[in-house]
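Those protein sequences? They're chains A and B, same order as listed.
So for the first sequence, the numbering used here puts the first residue at 11; every next one is plus one.
So for the second sequence, the numbering used here puts the first residue at 11; every next one is plus one.
Number of protein chains: 2
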Amino acid sequence: MQAEIVTIGDEILIGQIVDTNSAWLGKTLNAEGIDIHRIHSIRDIPSEIHRALQAVDEQTQLVILTGGLGPTRDDKTKQALADFFGVSMELHPDVEQHIEALFAKFNRQVNRLNRSQAMLPANCIPLFNEKGTAPGMLFEWGERLLISLPGVPYEMKHLLLEKAFPEIRARQTLNMEICHRTLLTQGVPESILAEQLSEYEDHLPDALKLAYLPSPGRVRLRLTGRGPKGTNITSSVERYFDDLRQSLKSISYGEGDAEMEEIVGGLLRDKRRTVGVAESCTGGYISHLITRVPGSSDYFQGSVLSYSNDLKIKILNVNPEDILSFGAVSEPVVRQMAIEAANLLKTDYALATSGIAGPSGGSSEKPVGLVWIGLHSPKGTKAFQFQFNGDRERIIRKSSLMALDILRRALVDDAGKA
Amino acid sequence: MQAEIVTIGDEILIGQIVDTNSAWLGKTLNAEGIDIHRIHSIRDIPSEIHRALQAVDEQTQLVILTGGLGPTRDDKTKQALADFFGVSMELHPDVEQHIEALFAKFNRQVNRLNRSQAMLPANCIPLFNEKGTAPGMLFEWGERLLISLPGVPYEMKHLLLEKAFPEIRARQTLNMEICHRTLLTQGVPESILAEQLSEYEDHLPDALKLAYLPSPGRVRLRLTGRGPKGTNITSSVERYFDDLRQSLKSISYGEGDAEMEEIVGGLLRDKRRTVGVAESCTGGYISHLITRVPGSSDYFQGSVLSYSNDLKIKILNVNPEDILSFGAVSEPVVRQMAIEAANLLKTDYALATSGIAGPSGGSSEKPVGLVWIGLHSPKGTKAFQFQFNGDRERIIRKSSLMALDILRRALVDDAGKA
Numbered sequence: 011m012q013a014e015i016v017t018i019g020d021e022i023l024i025g026q027i028v029d030t031n032s033a034w035l036g037k038t039l040n041a042e043g044i045d046i047h048r049i050h051s052i053r054d055i056p057s058e059i060h061r062a063l064q065a066v067d068e069q070t071q072l073v074i075l076t077g078g079l080g081p082t083r084d085d086k087t088k089q090a091l092a093d094f095f096g097v098s099m100e101l102h103p104d105v106e107q108h109i110e111a112l113f114a115k116f117n118r119q120v121n122r123l124n125r126s127q128a129m130l131p132a133n134c135i136p137l138f139n140e141k142g143t144a145p146g147m148l149f150e151w152g153e154r155l156l157i158s159l160p161g162v163p164y165e166m167k168h169l170l171l172e173k174a175f176p177e178i179r180a181r182q183t184l185n186m187e188i189c190h191r192t193l194l195t196q197g198v199p200e201s202i203l204a205e206q207l208s209e210y211e212d213h214l215p216d217a218l219k220l221a222y223l224p225s226p227g228r229v230r231l232r233l234t235g236r237g238p239k240g241t242n243i244t245s246s247v248e249r250y251f252d253d254l255r256q257s258l259k260s261i262s263y264g265e266g267d268a269e270m271e272e273i274v275g276g277l278l279r280d281k282r283r284t285v286g287v288a289e290s291c292t293g294g295y296i297s298h299l300i301t302r303v304p305g306s307s308d309y310f311q312g313s314v315l316s317y318s319n320d321l322k323i324k325i326l327n328v329n330p331e332d333i334l335s336f337g338a339v340s341e342p343v344v345r346q347m348a349i350e351a352a353n354l355l356k357t358d359y360a361l362a363t364s365g366i367a368g369p370s371g372g373s374s375e376k377p378v379g380l381v382w383i384g385l386h387s388p389k390g391t392k393a394f395q396f397q398f399n400g401d402r403e404r405i406i407r408k409s410s411l412m413a414l415d416i417l418r419r420a421l422v423d424d425a426g427k428a
Numbered sequence: 011m012q013a014e015i016v017t018i019g020d021e022i023l024i025g026q027i028v029d030t031n032s033a034w035l036g037k038t039l040n041a042e043g044i045d046i047h048r049i050h051s052i053r054d055i056p057s058e059i060h061r062a063l064q065a066v067d068e069q070t071q072l073v074i075l076t077g078g079l080g081p082t083r084d085d086k087t088k089q090a091l092a093d094f095f096g097v098s099m100e101l102h103p104d105v106e107q108h109i110e111a112l113f114a115k116f117n118r119q120v121n122r123l124n125r126s127q128a129m130l131p132a133n134c135i136p137l138f139n140e141k142g143t144a145p146g147m148l149f150e151w152g153e154r155l156l157i158s159l160p161g162v163p164y165e166m167k168h169l170l171l172e173k174a175f176p177e178i179r180a181r182q183t184l185n186m187e188i189c190h191r192t193l194l195t196q197g198v199p200e201s202i203l204a205e206q207l208s209e210y211e212d213h214l215p216d217a218l219k220l221a222y223l224p225s226p227g228r229v230r231l232r233l234t235g236r237g238p239k240g241t242n243i244t245s246s247v248e249r250y251f252d253d254l255r256q257s258l259k260s261i262s263y264g265e266g267d268a269e270m271e272e273i274v275g276g277l278l279r280d281k282r283r284t285v286g287v288a289e290s291c292t293g294g295y296i297s298h299l300i301t302r303v304p305g306s307s308d309y310f311q312g313s314v315l316s317y318s319n320d321l322k323i324k325i326l327n328v329n330p331e332d333i334l335s336f337g338a339v340s341e342p343v344v345r346q347m348a349i350e351a352a353n354l355l356k357t358d359y360a361l362a363t364s365g366i367a368g369p370s371g372g373s374s375e376k377p378v379g380l381v382w383i384g385l386h387s388p389k390g391t392k393a394f395q396f397q398f399n400g401d402r403e404r405i406i407r408k409s410s411l412m413a414l415d416i417l418r419r420a421l422v423d424d425a426g427k428a
């Protein structure tokens, strides 16, 4: 099934918000075997909505519109759809009742604007929204399905998964097989990876495609196969993905959409180990990554963020003379931070960072991007030096990912707690 | 000047990456008086690239393509553009030299793939890339400018700002005036805000438009005016924006694109105050927000992340009996955390959080989303209770923004250090 997305709202075009909805829709529909062919981001002007719908590809069977369904008057989608289909707007009493019930639950008064959300194009099938007041709408558009969802991500996701998917599944006749597998690699730039994989790519069958997705500190390699059903695309992808995994064993940290912090969290849980962090230049970002993962309190005790030298000395017991002799960004300091973090937080492992995230604070001897990472583990203490490039945000992100990867490697070699 | 963006790459359509480039382009072009009319996200297939170019609006004078310029073979843009313009690919020796010089600087070997990046459509004007090996390209397309940039955000931004803008500015004949002003509000839902502003909206002139941009914990209100040059759109926007600012005084925390942490950082610097944090449920996110801001070490000393009760007792001196009697998520505990954080970190202000971020850990008495926030200030210690809704990520984000806003309000009333 081929789909297109139409994203409505000036806020995307003027860059006030980033279009995360489309990424989520792409991922979610793809997993259902639905191929997003194109995304149109347009202004919330009725004529532009009409034009985008007219531009939809002949082969497209599913169109998803997001945005422009709020209670406020900058939201034009409902009226534009009524005009497009040549129908009037009508009060849908079941939607009105639903909104009233929702408000009663939260002890809130229904106001005039909330109530107006029950006015919908006469030909739509309403999709009841349990997370907000704007209903979704489903239209039969010739052979196509057209689904209009609110732009608030939370509500959009709920309506697609719970209300629209059953309708889509009931109608779709899948004839294509799509298979993606993704290998996650860390620390090697895209062009070096590509040179290394040149021969591998030469031997890929036509139906398979390798894509390089670089982001700060990592490259994700996505192998995709597409073909008519029954052509065994999936097993072909699996076979070639195995080869890829083997040849990049030393630099890959995982597969699929897993984040580094989820992989590390899984290892800590499996091996019944705990971790603490002493952060300086990463400013809490390593701790934030670890605690983003639900259930992280099972293996994470806490951290000390010793941004100032005083705190490094006072809380983390760093020798003041070492700070004087070697500077805060140095091997002896980051080692002491890691050891004392494990000690203070009573954890099996501890990570420590000290570096210069910039934009100021660098020198010719210790330039912006110089970062020391320390790891204390049951096997002892190690420290590693890196020179990262990029702006403050990238240096913080690269340092944090690298620290978590150092922990991951140590955990892989750890037999676990008896 | 009207522009369109064409974003090339399957990774956006299958949702493997979020299209942050378009948001940045929208914001940056808009500030130059260039209006983004539409964004097309398409697959990296030459026929789709051609089709997107054919669909460009007649009024559009500037087209920006991003993506598909990497050294690897999944990158098809260069050849597709050569075919579109009916020209051959040619070696551009100046680009080759530029790539060699770039590699010499980083002490790296130029490989075959890097060298192939100097092969470009014969009719293009290369834009030399100082941040990577893929050059940008500029084409004269009848009355239009077509600019092709790599998809890596870092390189794309550099090429647009440093290399493409001078060319665009030299050619554009601006005839439209666009003006945006944005008011940042916190803690009041969109529909209540809209009801409150109903009369205000009734009196807005036709050329002005108010948009509501909700995200976890806040609503940004954008007032936009558009009109032919010389119609004084800007002063009209300013006048109506003043009214808006006055009527929402009690709930607004700033204006424009500033983030809460930048506003708070500015206040701390102006008033020569320092801040420390004791985080539990927010897991380092408050500290990360504070330290994202360059120069934050001037006012931020550090934090303690006491995720476990043990650490709350050991490092933050919380009375174990209070944890037993009231629980870790309680007023007495968060007050003690704030006081001791200020004490330990030697800061004027300290924030503390303790709550249940979920998805597990909630009870009927203390449900998921219950968060206590403590503030210690030169005027004393206060604690506030909140019930946030949403998933783990939203609860962490809402709690952190709320904590920073509590600090902001206290700082606004602070006369500063003598």
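Glycine included, C-beta positions come from ideal geometry on N, C-alpha and C.
Q: Show which residues of chain B have a CB atom less than 9 Å away from the CB atom of THR70 of chain A.
A: The premise fails here: THR70 of chain A is roughly 13 Å from chain B at the closest Cβ pair, so nothing lies under 9 Å.
**Q.** Unbroken beta strand (DSSP E) run spanning HIS102 of chain A, endpoints
**A.** That residue, HIS102 of chain A, is in no beta strand (DSSP E); it is neither H nor E in DSSP.
**Q.** Limits of the unbroken beta strand (DSSP E) element including HIS60 of chain B
**A.** Per DSSP, HIS60 of chain B belongs to no beta strand (DSSP E); it is in the alpha helix (DSSP H), 56-64.
Q | Spatial distance of PRO388 of chain A from ALA428 of chain A (CA atoms) | A | PRO388 of chain A and ALA428 of chain A: Cα-Cα distance of roughly 13 Å.
Q) Going by C-alpha distance, which of A:GLU209, A:GLN311 and A:GLY96 is nearest ARG283 of chain A? A) Cα-wise, what sits closest to ARG283 of chain A is A:GLN311.
Q) GLY25 of chain A CB to nearest chain B CB: under 8 Å? A) Yes, its Cβ sits closer than 8 Å to a Cβ of chain B.
Q: Identify which residue in A:ASP267, A:VAL28 and A:GLU165 has its Cα closest to the Cα of LYS141 of chain A.
A: Measuring from the Cα of LYS141 of chain A, the nearest candidate turns out to be A:GLU165.
Q. For GLU100 of chain A versus HIS50 of chain A, is the C-beta spacing smaller than 8 Å?
A. No, these two residues do not count as a Cβ contact at 8 Å.
Q) Between GLN196 of chain A and the rest of its own chain, which residues show a CB-CB distance below 7 Å, the 5 nearest in sequence each way excluded? A) Non-local beta-carbon contacts of GLN196 of chain A in its own chain, meaning distances under 7 Å to residues more than five positions away in sequence, involve GLY227, ARG228, ILE261, TYR263, LEU411 and ASP415 in chain order.
Q) What are the residues that DSSP puts in a beta bridge with ILE383 of chain B? A) The secondary-structure analysis by DSSP pairs ILE383 of chain B across a beta bridge with B:THR363 and B:PHE394.
Q) How would you call GLY240 of chain B, buried or exposed, if buried means at least 16 neighbouring beta carbons within 10 angstroms? A) Under this definition GLY240 of chain B is an exposed residue.
Q) How about SER313 of chain A: is its C-beta nearer than 8 Å to some C-beta of chain B? A) Taking Cβ atoms only, chain B reaches closer than 8 Å to SER313 of chain A, which makes this a yes.
Q.
When you compare the CB of ASN139 of chain B with every CB in chain A, is at least one pair closer than 8 Å?
A. The C-beta of ASN139 of chain B comes no closer than 8 Å to any C-beta of chain A.
Q: State whether the segment 306-323 of chain A contacts the segment 268-286 of chain A, with contact taken as three or more CB pairs (one from each stretch) at a distance under 8 Å.
A: Flag = yes, the segment 306-323 of chain A and the segment 268-286 of chain A touch.
Q. Taking just the CA atoms, how far does LEU417 of chain B sit from LEU223 of chain B?
A. Each residue's CA atom was taken as its position, placing LEU223 of chain B and LEU417 of chain B some 24 Å apart.
Q: Give the residues of chain B in contact with VAL162 of chain A, contact being defined as C-beta atoms less than 8 Å apart.
A: Those are PRO224, listed as they occur along chain B.
Q | Pairwise C-alpha distance: ILE406 of chain B and SER225 of chain B | A | Distance between the alpha carbons of SER225 of chain B and ILE406 of chain B is about 13 Å.
Q: Compare the C-beta of ASP280 of chain B with all C-beta atoms of chain A and state if any pair is closer than 8 Å.
A: The beta-carbon of ASP280 of chain B is placed no less than 8 Å from the nearest beta-carbon of chain A.
**Q.** Span separating the alpha-carbon of ASP424 of chain A from that of ASP104 of chain A
**A.** Their backbone Cα atoms lie some 59 Å apart in a straight line.
Q) Since PRO2 of chain A contacts GLY80 of chain A with CB under 8 Å, what's their CB separation in whole angstroms? A) Beyond the ends of chain A as shown, which are 11 and 428, falls residue 2 of chain A; an answer cannot be given.
(Q) Would ALA362 of chain B and MET347 of chain B qualify as a contact pair, given that the criterion is a beta-carbon distance under 8 Å? (A) Contact: yes.
Q | Of the listed residues B:GLY365, B:ASN121 and B:ILE55, nearest to ILE202 of chain A (C-alpha basis) | A | The candidate whose alpha carbon is nearest that of ILE202 of chain A is B:ASN121.
Q) Thinking C-alpha only, which one of B:SER364, B:HIS102 and B:ILE59 is nearest ASP85 of chain B? A) Comparing Cα positions, the closest option is B:ILE59.
Q: Using alpha carbons as the reference points, say which of A:ALA413, A:SER370 and A:TYR359 lies closest to VAL381 of chain A.
A: With distances taken between Cα atoms, VAL381 of chain A lies closest to A:ALA413.
Q: Closer than 7 Å, Cβ to Cβ, to anything on chain A: give me those residues from the segment 200-223 of chain B, in chain order.
A: For the segment 200-223 of chain B, which is checked against every Cβ of chain A, the residues closer than 7 Å are GLU200, SER201, ALA204, GLU205, GLU211, LYS219, LEU220, ALA221, TYR222 and LEU223.
Q: Jot down the residue ranges of each uninterrupted alpha helix (DSSP H) in the segment 275-328 of chain A, minimum 4 residues, whole runs only, in chain order.
A: Listed in chain order, the complete alpha helix (DSSP H) runs (minimum 4 residues) inside the segment 275-328 of chain A are 295-302 and 319-324.
(Q) Quick check on the DSSP output: the alpha helix (DSSP H) that includes MET166 of chain B runs from which residue to which? (A) Looking at the DSSP string, the run of the alpha helix (DSSP H) that includes MET166 of chain B is 163-168.
Q) Can you name the start and end residues of the beta strand (DSSP E) that ALA221 of chain B belongs to? A) Run containing ALA221 of chain B: 218-225, per the beta strand (DSSP E) assignment.
Q) Are three or more beta carbon pairs between the segment 289-301 of chain B and the segment 286-297 of chain A nearer than 8 Å? A) When C-beta atoms of the segment 289-301 of chain B are compared with those of the segment 286-297 of chain A, three or more pairs fall below 8 Å, so the two segments count as touching.
Q | Under 7 Å by beta carbon: chain A residues contacting GLY293 of chain B | A | Chain A residues near GLY293 of chain B: SER297, HIS298 and THR301.
Q: Count the other CB atoms, across all protein chains shown, that sit within 10 Å of the CB of HIS440 of chain B; report buried if there are 16 or more and exposed otherwise.
A: Chain B is shown only over 11 to 428; residue 440 of chain B falls outside these bounds and no answer can be derived.
Q. If you check the beta carbons only, do SER297 of chain A and GLY365 of chain A fall under 8 Å apart?
A. No, the pair does not count as a contact, with Cβ atoms beyond the cut-off.
Q. Does DSSP put HIS10 of chain A in a helix, in a strand, or in coil?
A. Since the first residue of chain A shown is 11 and the last is 428, residue 10 of chain A is not available in this structure.
**Q.** Under 7 Å by beta carbon: chain B residues contacting PHE310 of chain A
**A.** The contacting residues are TYR317.
Q.
My output table needs one value for PRO330 of chain A: the three-state DSSP class, helix, strand or coil.
A. PRO330 of chain A: helix per DSSP, three-state reduction.
Q: Flag ALA352 of chain A as yes if its beta-carbon sits less than 8 Å from any beta-carbon of chain B, otherwise no.
A: Output row for ALA352 of chain A: interface = no.
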